[in-house]
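Let me begin by presenting the structure, written as structure tokens, before commenting on it.
Residue numbers (the UniProt record's numbering): 1 to 261.
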């Protein structure tokens, strides 16, 4: 196999999915890009990577947001998150059995990182990405919390889909700001090269997540767009991303590809 080509294709798709509208989570960067000193609410979406909590906490400590809303019930990644917390020497004091993702993240924020609990809102009933968005917006309305701007932090492979989900439930005048907590990269050996990411996926799982996202983002009868399952708004997928996806789809059917992962 041509490892350099595979590396290029995977990293290209990763950059497309792991959207960052600002380079760093600090007020100066936020004001430079969007004219805002702070956002009204930072929304952390439930996922299997505890590092995303650290990212949200750092943003709060940098005074970039007034409130944090954690959204996540019990879904397909919950057990992976629970297992990761149990293995972690930093987080294994947190109770995980039978608990939703938002409740686990809340305990990490307050007990490990010292965030004030009265600054955190919990939505712990949603079960998937689209449901996160729907129930988050409904909860803000129910609590009479006015907002004009939201920062979204999610598993990098789902950052673009999260944005497309929230775009369905918010008005056009609401600023939705993406911040993927890290940009996944693989090296020439087809291994993830990101350092210091608590709970980062195993290599094979990462590739499966990456490939699955492109088909979900499509706006056709099989995708999640308005012409399909209607979970998200229309997303433009650039030609070079489709070409990278199609090339990889052919390559991953090769048994040797999985052995190298």
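The C-beta atom is built at its ideal place from N, Cα and C for all residues, glycine as well.
query, result
"Any 3 or more C-beta pairs closer than 8 Å across the region 133–153 and the region 40–55", "yes"
"Buried or exposed (CB count within 10 angstroms, at least 16 for buried), residue 3", "exposed"
"Reference residue 153; option with closest CA among 147, 162, 146", "162"
"Within-8 Å CB hit, residue 23 to chain C", "In the structure shown, chain C does not exist; there is a single protein chain."
"Secondary structure of residue 48, DSSP reduced to three states", "coil"
"Closest Cα partner of residue 86 within the set 76, 73, 65, 108", "108"
"Continuous alpha helix (DSSP H) stretch holding residue 139: start and end", "129–142"
"Burial state of residue 79, where buried means 16 or more other Cβ atoms lie within 10 Å", "exposed"
"Beta-carbon proximity list for residue 221, same chain, < 7 Å, skipping 5 on both sides", "227, 228"
"Spatial neighbours of residue 57 in its chain, beta-carbon cut-off 7 Å, leaving aside the 5 residues before and after", "109, 113, 115"
"Sequence-distant residues of its chain with Cβ nearer than 7 Å to residue 194 (five each side left out)", "182, 184, 185, 200"
"CB of residue 262 within 8 Å of CB of residue 178, strictly", "Coverage of the chain is limited to positions 1 through 261, which leaves residue 262 absent and any answer about it impossible."
"Between the CA atoms of residue 6 and residue 255 - distance to the nearest angstrom", "Here the model assigns residue 255 a pLDDT of 46, short of 50, so the residue's position is not dependable and the matter cannot be decided."
"Neighbour-count burial assignment, residue 126, 16 or more Cβ in a 10 Å radius", "buried"
"Touching by the beta-carbon criterion (3+ pairs, under 8 Å), the region 165–179 and the region 138–152", "yes"
"Supposed close pair residue 159, residue 59 - CB separation, criterion 8 Å", "Rounded, the Cβ-Cβ distance is 15 Å, inconsistent with contact."
"Nonlocal neighbours in the same chain, by C-beta distance under 6 Å from residue 122, ignoring five residues either side", "70, 102, 106"
"Supposed contact pair residue 39 and residue 22 - C-beta distance, whole angstroms, cut 8 Å", "Between residue 39 and residue 22 the Cβ distance is about 10 Å, and since that is not below 8 Å, they are no contact."
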